[in-house]
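Visitor:
Next up, the structure:
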């Protein structure tokens with residue numbers, strides 16, 4: 014990140030204030046020298062890393078010490094330069110033209126800012142327009158000299174060598190190596206389950222027992238033993254889906270909050286209301302109303318306390334409907350308290366054979382294990398002592414290392430599990446095998462609350478803002494960040510929580526033992542400060558050291574006064590609870606912040622002091638009222654997330670164009686742009702529209718990749734420019750007031766969603782010509798007969814004839830509330846289709862029989878459609894089974910087709 018900032022300053026492509034300031038121009042030679050010296054050391058350290066196996070251990074210890082010193086001096090350089098830039102911004106930039114009252118109040122507390130340690134005067138002002146890098150350059154020179162004294166054998170390191178000189182380690186297993194299959198053909202690792210079939214059968218029988226009373230079934234086992242995996246397997250069992258009218262899932266954990274659990278359950282059963290505005294009694298009333306009289310299954314995962322259960326049990330009505338609660342816990346006494354004479358199933362450990370089978374599947378993904386690895390592999394599996402999490406994590410280590418016998422034998426001898434402490438030791442082994450570029454990304458996850466569901470998009474934006482992501486050719490930083498995350502998933506350190514229809518990971522989470530490892534290592538390395546108990550400002554400040562760079566807050570903190578010295582080196586402040594801060598406190602104590610996450614902290618008045626935080630790259634806030642114009646002073650901002658209360662539209666000021674580094678603009682309200690006179694660098698925008706017809710998408714957002722465009726009077730003016738966007742991959746068009754009119758799409762498009770269509774069928778022909786389109790969603794609208802000559806046989810009114818069309822790459826097709834009556838298609842119309850979803854299409858007569866003949870088709874989902882549609886998919890499945898295709902899955906209203914038909918037959922017989 015420092016190197017990137019230096020390049021911008023040196024080449025004059027930073028903020029206009031920075032480019033033209035005489036102080037910057039005067040210092041540019043020194044910035045250039047600093048950049049060159051840093052680059053030299055980075056290259057030397059890279060060479061040492063790739064030749065490390067040639068070094069004597071004593072030499073490597075020296076390198077570790079020098080790396081730590083280098084990191085410290087880089088952070089000092091970054092802080093000094095950023096404080097210098099902040100001072101320039103305050104003294105000469107837009108803030109200097111603010112109102113006299115506000116400027117005077119800022120001057121009062123800025124004058125009291127003091128910089129400590131790092132050899133600077135204890136009473137020197139933080140924001141000063143002088144900068145001396147000589148001490149930093151001397152420190153760097155000293156490190157460089159010491160690095161150049163380190164030898165490989167008798168050969169001195171050549172600091173000009175490049176990283177790509179050594180591409181991979183050589184196998185030493187008797188000259189034999191093994192190459193795994195490419196990632197693209199691996200089975201998704203979360204689908205692999207071993208050793209739970211018998212347990213699932215026992216618990217399933219208990220859930221089906223013929224008793225009308227509400228019963229609780231408990232699964233008990235140590236951390237990492239597979240309790241949640243077993244509960245998930247049962248929750249998704251098709252017979253349980255059929256048997257219970259309602260199924261819901263909630264995770265309790267050690268930090269139980271009654272309100273959060275109520276919202277979890279209501280969301281899980283499909284309640285779409287704005288639950289955040291309801292108080293606890295209203296939430297409980299809604300849940301009771303939903304469950305009363307219905308046969309329900311509720312999974313309560315990871316409960317730790319008897320008291321928690323005594324409060325939870327009051328939520329669930331016992332009205333003799335044969336409802337069940339499935340509970341998981343590490344504590345046997347909790348399960349016995351819940352149901353003293355009920356079913357408490359203690360989860361057994363895996364057998365040695367089951368452990369070996371799980372290890373093989375996770376490492377080789379269905380391929381044979383090479384013979385020379387079987388013995389050390391069995392030894393590793395045996396030493397996991399039947400704990401599935403240990404097996405899975407060890408498989409993640411083995412899968413990412415060279416396949417050689419010596420390495421496997423060394424790993425087999427290096428750890429032992431046996432209990433939770435031993436499991437953490439095996440997890441620590443996987444951490445030490447992480448490459449350097451993944452370690453910070455991994456540790457960062459431990460700062461979030463327990464059982465936190467990471468949205469992949471938000472997580473990658475945070476990693477980029479924190480500076481964890483290295484440039485990788487022409488690939489975007491966000492794409493590189495996603496590759497890092499996939500690496501952690503493939504190492505089985507991160508669990509996939511949710512995938513989209515294309516199989517891409519949308520949300521993920523940490524196992525609680527993995528999170529414990531993150532917290533342990535983060536504490537050892539002073540990576541972040543975590544505040545997870547209610548505290549006051551004095552307690553908070555007592556825990557923040559001068560060197561602390563990241564703070565995660567999971568509990569309320571009240572800070573109204575600031576009678577303390579500041580902590581300007583803190584770079585990240587992430588709050589996951591309502592906290593009461595003063596804007597003066599944030600601006601004064603955290604002047605160098607890069608990341609500020611406060612979208613759980615509602616702001617009734619936007620803090621003007623945030624305008625000082627010009628190094629912010631990521632800002633997520635929740636506030637009342639209009640868009641805060643002072644945000645447009647934050648020239649470094651890359652990601653801006655706005656949660657507005659109440660919902661509605663939000664008018665963006667003209668000065669939004671000053672945010673030249675902004676790539677992601679996201680919010681829960683409709684974002685209204687006025688006329689934009691110069692291009693912005695935005696890559697993704699949610700829910701936007703142009704006011705007064707000003708600008709067009711091609712001129713304003715030439716780099717856009719993801720866009721949600723809402724309808725308004727000038728909608729057609731903008732859509733005609735869509736085909737000129739060279740990077741657009743994901744497009745959603747919403748509710749045009751006057752229809753779609755003339756429209757053309759860029760060939761780069763991969764995902765297209767149209768809502769509220771009122772467009773000629775000729776547009777479907779344009780869509781089918783898109784060579785890269787993989788996802789098409791048509792919602793709440795209709796196509797109509799076009800005027801003039803239709804060059805493609807696409808349909809007339811409510812008929813869609815796709816027989817002569819081909820969507821060459823389409824994998825997912827959704828028709829939702831789509832006003833269509835007849836649909837004709839050939840098996841060649843959708844040659845790559847994997848999933849078809851048809852819901853609430855009341856007038857549709859049938860699904861084309863030829864759809865079933867598509868060889869790639871895996872799933873047809875039908876919801877709330879006519880009986881004739883059900884009959885048509887019934888015929889499709891029968892025909893496919895007759896020709897030996899048992900892989901095609903069809904669901905009706907969330908149930909497998911066979912279960913749906915048997916239920917319907919049972920209802921008719923009654």
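In the working numbering, the protein residues as written are 14 to 923.
Ideal Cβ positions, reconstructed from N, Cα and C, are used throughout, including at glycine.
This structure is a prediction, so every number in the text was calculated from the model and none was measured.
#1: Helix, strand or coil for residue 717 per DSSP?
#2: Rounded to the nearest angstrom, what separates residue 150 and residue 679 at their Cα positions?
#3: Where DSSP assigns a beta bridge to residue 403, which residues make up the other side?
#4: What are the boundary residues of the alpha helix (DSSP H) that includes residue 527?
#5: Which whole runs of the beta strand (DSSP E) in the segment 256-344 are 3 residues long or more, in chain order?
#6: Ordered along the chain, which non-local residues of its own chain (more than five positions away) have a Cβ less than 6 angstroms from that of residue 356?
#7: Please check the pair residue 820 and residue 514, which I expect to be a contact at CB under 8 angstroms, by giving their CB distance rounded to whole angstroms.
#8: Give me, in chain order, the residues of the same chain whose beta-carbon lies closer than 7 angstroms to that of residue 666; leave out the 5 immediate sequence neighbours on both sides.
#9: Could you tell me if residue 894 is buried or exposed, where buried requires 16 or more neighbouring beta carbons within 10 angstroms of its beta carbon?
#10: Assuming the contact rule is C-beta atoms closer than 8 angstroms, residue 47 and residue 160 should be a hit. Round their C-beta distance to whole Å, please.
#11: What would DSSP say about residue 631, mapped onto helix, strand or coil?
#12: Contact between the segment 371-386 and the segment 344-352: three or more CB pairs below 8 angstroms?
#13: For residue 118, which residues of its own chain have a beta-carbon under 6 angstroms away from its beta-carbon, when the five flanking residues on both sides are left out?
#14: Who are the Cβ neighbours of residue 779 in its own chain at under 8 angstroms, not counting the five residues just before and after it?
#15: Determine the extent of the alpha helix (DSSP H) in which residue 496 is found, giving its start and end residues.
#16: Please indicate yes or no: does the CB of residue 418 lie closer than 7 angstroms to some heavy atom of the ligand NAP?
#17: Quick one, are the C-beta atoms of residue 734 and residue 709 less than 8 angstroms apart?
#18: With a cut-off of 8 angstroms, does the C-beta of residue 837 fall near any C-beta of chain C?
#19: By Cβ distance, which residues of its chain are closer than 8 angstroms to residue 98, with the 5 residues on each side in sequence left out?
#20: On the criterion of 16 or more Cβ atoms from any shown chain inside 10 Å, does residue 358 qualify as buried, or is it exposed?
#21: Which term fits residue 668, buried or exposed, when burial requires 16 or more other beta carbons within 10 angstroms of its beta carbon?
#22: Indicate whether the contact test is met: 3 or more Cβ pairs, each with one atom in the segment 336-343 and one in the segment 229-243, closer than 8 angstroms.
#23: Is residue 926 buried or exposed, if buried means 16 or more other CB atoms sit within 10 Å of its CB?
#24: What first and last residue would you give for the beta strand (DSSP E) that runs through residue 963?
#25: Report the rounded CA-to-CA distance for residue 361 versus residue 322, giving the unit in angstroms.
#26: Going by Cα to Cα distance, which pick from 397, 82, 496 and 687 is closest to residue 703?
#27: Got a sec? Which residues, its chain only, sit under 7 angstroms from residue 694 by beta carbon, not counting five neighbours each side?
#28: Any idea what DSSP makes of residue 457, helix, strand or coil?
#29: Apart from the five residues on each side of it in sequence, which residues of its chain come closer than 7 angstroms, Cβ to Cβ, to residue 54?
#30: Would you kindly check if the distance between the Cβ of residue 534 and the Cβ of residue 456 is under 8 angstroms?
#31: Roughly how many whole angstroms lie between the Cα atoms of residue 16 and residue 487?
#32: In whole angstroms, what is the alpha-carbon distance linking residue 373 and residue 405?
#33: Considering residue 835, what are the terminal residues of the beta strand (DSSP E) in which it resides?
#34: For a test of the three-state rule: what should DSSP assign to residue 676, helix, strand or coil?
#35: With DSSP as the reference, please indicate the residues paired to residue 520 in a beta bridge.
#36: I'd like to check one pair, residue 854 with residue 837: are the Cβ atoms closer than 8 angstroms?
Guide: The relevant details are as follows:
#1: coil
#2: Distance between the alpha carbons of residue 150 and residue 679: 41 angstroms.
#3: None; residue 403 has no bridge partner.
#4: 525-537
#5: 259-264, 309-314 and 337-342
#6: 219 and 230
#7: With 8 angstroms as the limit, residue 820 and residue 514 do not qualify as a contact, their Cβ atoms being about 15 angstroms apart.
#8: 640, 642 and 645
#9: Result: exposed.
#10: Incorrect: roughly 17 angstroms between the Cβ atoms, too far for contact.
#11: strand
#12: no
#13: Since pLDDT at residue 118 reaches only 45, below the 50 mark, its modelled position is unreliable, and the value read off the structure follows with that caveat. None.
#14: 756, 757 and 758
#15: 490-503
#16: Absence of the ligand NAP from the depicted structure is noted, as is the absence of any ligand whatsoever, leaving it without description.
#17: Residue 709 sits close to residue 734, with the two beta carbons spaced by under 8 angstroms.
#18: No chain C appears in this structure, which consists of one protein chain only.
#19: 31, 627 and 628
#20: A residue is called buried when at least 16 other Cβ atoms come within 10 angstroms of its Cβ; residue 358 meets this threshold and is buried.
#21: exposed
#22: A contact exists between the segment 336-343 and the segment 229-243.
#23: The first residue shown for the chain is 14 and the last is 923, placing residue 926 beyond what the model contains.
#24: Not covered by the structure: residue 963. The range shown for the chain is 14 to 923.
#25: Computed Cα separation, rounded: 24 angstroms.
#26: 687
#27: 673, 674, 675, 676 and 716
#28: helix
#29: 83, 153, 156, 157 and 160
#30: yes
#31: Residue 16 and residue 487 have their C-alpha atoms some 18 angstroms from each other.
#32: 10 angstroms
#33: 835-837
#34: coil
#35: Per DSSP, the beta bridge partners of residue 520 are 468 and 511.
#36: In this structure, residue 854 does not lie closer than 8 angstroms to residue 837 by Cβ.
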